[in-house]
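Okay, structure first, notes after.
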Amino acid sequence: MSAYRLTRRLPRYLRDIQIQVEEVARGYGLDFFPTIFEVVAYDQMNELAAYGGFPVRYPHWRFGMEFEQLAKSSEYGLSKIYEMVINNSPAIAYLLEGNSLVDQKLVMAHVYAHVDFFKNNFAFRATDQGVEQRTGEPIRKWIDTMANHGAIVRRWADRVGIERVEEYVDHCLSLENLIDPQKPFLPTKRKDEREEEETDALELALLRVDRDYMESYINPQAFVDEQREKAAEERERARRIPEHPDRDVLGFLLDHAPLERWERDILAVIRREAYYFWPQMQTKIMNEGWASYWHSRLMTEKLSEDSEIIEYAERNASVLETANGRLNPYKLGVELYRHIEERWDRGQFGKEWEDCETLEARQSWDRRTGLGRKKIFEVRSLYNDVTFIDEFLTPEFVAAQKLYTFGFNQRNDRFEIESRRFHEVKNKLLFSLTNAGQPFIRVVDKNHENRGELLLSHDHQGVDLRLDWAKEVLRSLARIWRRPVEIHTLVDNKPVLLRFDGKEHVQRPLK
Amino acid sequence: MSLRIDEDHGRFKQIVRGRIRKNLRQYISQGELIGKQGKDVVSIPIPQIDIPKFRYGDKQKGGVGQGDGDEGDPVGGDPQPGDGQGEAGKDAGQHVLEVDVTLDELAEILGEELELPNIENRGKSKVIDQKDRYVGIRRVGPSSLRHFKRTYKAALRRQIVMGGYDPSNPIVIPTRDDMRFRSWKTEEEPIANAVIIYMMDVSGSMGDEQKEIVRIESFWLDAWLQRQYKGVETRFIIHDAVAREVDRETFFRTRESGGTMISSAYKLAAQMIDSDYPASEWNIYPFHFSDGDNWSVDDTLVCIDLMKKTLLPASNVFCYGQVESPYGSGQFIKDLREHLKDDDRLITSEIRDRDAIVGSIRDFLGKGK
């Protein structure tokens, strides 16, 4: 305990900086959870990073692998983790021991903006665990939750053996991305509501008849039969589970797969954590952009001493650099916020602006509306990466930031620049962000072909699945479902079925 | 300081070990480990261990980048774009994980995989090693060995007792009597010593491929014996019609064109043992590799005589590996087997190609001698 206190307590001089940064940040209108900073050594930092920022997770070799990679690359001087902050209330952030004072200041400024984002962006409401009665603030005790998850998995590992548990966790992690990000925001239907709908569907949709003798003319027997058939079909559909294709495959498996208790517990853990991490994947550009925007403002306007400004500038430049033609989410985000701020400051929005087609007028457009600051705060609350790009990316911005699309050229066996046109850049960018760049998979039927087999479908949007991996995932699914599993997708634009029955893989064209 | 991650890290390493073990035969026959040797560690490339998920295939996908360049220019001047936006290009190409494994661990994996028994010590441990260990504290010594903390404590204690210590001005000045120094004790421990004498035929009929096989095999033999004994010495003898001692580099590089007189090498080895490695104190492992072509039947008889009289009695085991070459007759192994078939101190093994290396290692080391 004493060793813990010694290593974790923030030294006085950092505490002073923290108070200063917090005050300045609040002065600019940032609204954050209480934030706790801890100073950690580089190997502890690597450990925490391997665990996704949390001090305690469930046991799994993959964290060990991450650690190995982080440790290697930090030993060779290839990378260094400056800061880490977790979405928790109170928020926990880590400072790297031995960093210069300027770095620590910068990191703190950056962290407070992240915490503001965690607290206010809508996507992160999915990580709320309730509301504090007294203050009305959301409860997010994810450090505890993750530690509890660790305890659950460890307990089962003690009972059924670490090898079995770890192997099972591997399978679950293969399915980790099969969740429905919208689900946390949907109202859960009560059971009787559902039943009501079912009985409705049973009534025949016949036409209204005012006079009885007209009955056989308005609703002839053929029509009645047709309606009856339709209703039967409807009933058939209603009996199908799931009723509608469901993206929350993990949730579906929890409800319907023949799991043992330990398997159910562990799958539930993996699913909860998947939902926890999803908002961060959905808001990478916005979140990093927001943090970079504010560390720049705070550092240049309030926090840096004259003697520190060069060091700050150098560090800032390395955070925002775009080397080797890569897109840097920090850079893209911060520039887009600044672009929005400028547009709303100058009144470059609304119908009049949209309709204006003279270049000169557009360039000199300035209505002195001064709404920029207000607008970016609104944006940080109400958008995610997809809607952020969709709504605010402009041709001017794409040109100024030199964005381009690239693709693989088979003939030259290399990735090449394809286009700098606005629409293509925007579309490709949106595609790579939609569903965090991952394919849409839905579970369609739990009793496929009336054989108790599980049917999934891939909503193909122009890019094929990686087939060798898809087959491995089917293997994991079959392990959990304990019956054959099948997925329908497109390969080279032709419908294809992939199937695994517990022994062998089948891939064949779908009629 | 121990970290919480150690457990998971350990599990990961275990998985890596499993992979290495699974592919050990391949690693052995390809010989790709040897080039990557550091001092005590070997860095082994294994394919990155990924958890498969439903993901997009790479090549159709592309992405968005930022920077200069015209349409059709390669991205970032590099066929792999690395992280573009989102996941684009992240999975391009197969990532390779380089894992450091100590030689000791590698030998252990080898032992497990080939089910090699540990070598029984023949009790030849008369060689005594002296070791200095710092075990105590004394009042005199060189200042390079001064024990700061103990010195400070002694001075502090004295000052408090004498009433000279002022907590508000905590200056502690040690006097000569306060000085404490580390002291050492010399311990003697017996060590099991071993020497490996590699002999190789470098006459014209031994080609590069044959030598490569010997090189790979000797790497693993070294690794295993080094694990079994503290302080293993290696000596190298090459021979055609005459023998001479060389260093490791030369051993694997030399190519002569003369005839072959195996007895020349055996004579030199016998001399070497006689002068440097008394059989009563050393575990001696002569390994001889040739393509089995000897100059004459007479010379073969001389060899067998040498074996019987000096080499075999002195050695733990004498290992003869015959590497198949298009030019060699392969007669020598038959002669050895015929004349010495009852002597279990002689181990012979035929190495047809690289894939046979594993079997041959097992032949040589499988008896646990």
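Here the protein sequences come in this chain order: A and B. If you want the numbering used here, it's the position in the first sequence, counting the first as 1, plus 292. Numbering-wise, the numbering used here puts 187 at position 194 of the second sequence, and it's gapless, one number per residue. Even for Gly, the Cβ is constructed at its ideal location relative to N, Cα and C.
Heavy atom of the ligand COA within 7 Å of residue i beta-carbon
{"i": "residue 456/A", "result": "This structure lacks the ligand COA, and indeed carries no ligand of any kind."}
Min CB distance residue i to chain B below 8 Å
{"i": "residue 790/A", "result": "no"}
{"i": "residue 380/A", "result": "no"}
{"i": "residue 357/A", "result": "yes"}
{"i": "residue 534/A", "result": "no"}
{"i": "residue 466/A", "result": "yes"}
{"i": "residue 777/A", "result": "no"}
{"i": "residue 720/A", "result": "yes"}
{"i": "residue 425/A", "result": "no"}
{"i": "residue 799/A", "result": "no"}
{"i": "residue 354/A", "result": "yes"}
C-alpha gap between residue i and residue j, whole angstroms
{"i": "residue 365/B", "j": "residue 379/A", "result": "As displayed, chain B neither begins before -6 nor continues past 362, which places residue 365/B out of reach and without an answer."}
{"i": "residue 730/A", "j": "residue 469/A", "result": "8 Å"}
{"i": "residue 631/A", "j": "residue 689/A", "result": "8 Å"}
{"i": "residue 358/A", "j": "residue 133/B", "result": "51 Å"}
{"i": "residue 799/A", "j": "residue 793/A", "result": "12 Å"}
{"i": "residue 453/A", "j": "residue 163/B", "result": "57 Å"}
{"i": "residue 359/B", "j": "residue 128/B", "result": "41 Å"}
{"i": "residue 266/B", "j": "residue 98/B", "result": "31 Å"}
{"i": "residue 716/A", "j": "residue 697/A", "result": "7 Å"}
{"i": "residue 172/B", "j": "residue 150/B", "result": "12 Å"}
{"i": "residue 472/A", "j": "residue 707/A", "result": "32 Å"}
{"i": "residue 367/A", "j": "residue 220/B", "result": "28 Å"}
{"i": "residue 123/B", "j": "residue 180/B", "result": "6 Å"}
{"i": "residue 640/A", "j": "residue 667/A", "result": "12 Å"}
{"i": "residue 334/B", "j": "residue 107/B", "result": "25 Å"}
{"i": "residue 506/A", "j": "residue 497/A", "result": "17 Å"}
{"i": "residue 362/B", "j": "residue 192/B", "result": "19 Å"}
Candidates the options: closest to residue i by CA position
{"i": "residue 403/A", "options": "791/A, 325/A, 731/A, 748/A", "result": "325/A"}
{"i": "residue 580/A", "options": "749/A, 802/A, 381/A, 375/A", "result": "375/A"}
{"i": "residue 95/B", "options": "299/B, 273/B, 35/B", "result": "35/B"}
{"i": "residue 64/B", "options": "712/A, 669/A, 767/A", "result": "712/A"}
{"i": "residue 325/B", "options": "244/B, 340/B, 286/B", "result": "286/B"}
{"i": "residue 318/B", "options": "8/B, 157/B, 50/B, 196/B", "result": "196/B"}
{"i": "residue 429/A", "options": "406/A, 382/A, 584/A", "result": "382/A"}
{"i": "residue 786/A", "options": "802/A, 558/A, 777/A, 543/A", "result": "802/A"}
{"i": "residue 678/A", "options": "662/A, 574/A, 624/A", "result": "574/A"}
{"i": "residue 597/A", "options": "797/A, 393/A, 680/A", "result": "393/A"}
{"i": "residue 201/B", "options": "316/B, 13/B, 338/B, 309/B", "result": "316/B"}
{"i": "residue 357/B", "options": "320/B, 309/B, 327/B, 141/B", "result": "309/B"}
Interface residues of chain B facing residue i [CB-CB closer than 8 Å]
{"i": "residue 562/A", "result": "Within 8 Å Cβ-Cβ: nothing; residue 562/A doesn't reach chain B, min ~11 Å."}
Residue environment, residue i, which counts as buried when at least 16 other CB atoms sit within 10 Å
{"i": "residue 504/A", "result": "exposed"}
{"i": "residue 323/A", "result": "exposed"}
{"i": "residue 401/A", "result": "buried"}
{"i": "residue 71/B", "result": "With a pLDDT of 47 at residue 71/B, under the threshold of 50, the predicted position of this residue should be treated as unreliable, and no value is reported."}
{"i": "residue 509/A", "result": "exposed"}
{"i": "residue 397/A", "result": "buried"}
{"i": "residue 49/B", "result": "buried"}
{"i": "residue 778/A", "result": "buried"}
{"i": "residue 571/A", "result": "buried"}
{"i": "residue 390/A", "result": "exposed"}
Where residue i meets chain A, residues with beta-carbon distance less than 8 Å
{"i": "residue 15/B", "result": "Correct list: empty, because the minimum Cβ distance to chain A is about 16 Å."}
{"i": "residue 50/B", "result": "755, 756, 757, 758, 759"}
{"i": "residue 209/B", "result": "By Cβ distance, chain A contributes nothing, its closest Cβ being about 27 Å from residue 209/B, past 8 Å."}
Chain-ordered chain A contacts of residue i [CB-CB under 7 Å]
{"i": "residue 0/B", "result": "351"}
9 Å Cβ cut-off: residues of chain B touching residue i
{"i": "residue 599/A", "result": "Within chain B, no residue comes near residue 599/A; the closest Cβ sits about 33 Å away, beyond 9 Å."}
Per-residue contacts from residue i into chain A (C-beta, under 9 Å)
{"i": "residue 282/B", "result": "Those within 9 Å of residue 282/B in chain A number zero; the least Cβ separation is about 38 Å."}
{"i": "residue 102/B", "result": "By Cβ distance, chain A contributes nothing, its closest Cβ being about 18 Å from residue 102/B, past 9 Å."}
Cross-chain neighbours of residue i in chain B, by beta carbon under 7 Å
{"i": "residue 695/A", "result": "57, 59"}
{"i": "residue 574/A", "result": "Those within 7 Å of residue 574/A in chain B number zero; the least Cβ separation is about 11 Å."}
CB contact below 8 Å: residue i versus chain A
{"i": "residue 3/B", "result": "yes"}
{"i": "residue 333/B", "result": "no"}
{"i": "residue -4/B", "result": "yes"}
{"i": "residue 64/B", "result": "yes"}
{"i": "residue 37/B", "result": "no"}
{"i": "residue 47/B", "result": "yes"}
Residues that residue i contacts on chain D, provided the C-beta gap is smaller than 9 Å
{"i": "residue 68/B", "result": "The displayed structure is made up of protein chains A and B, and chain D is not among them."}
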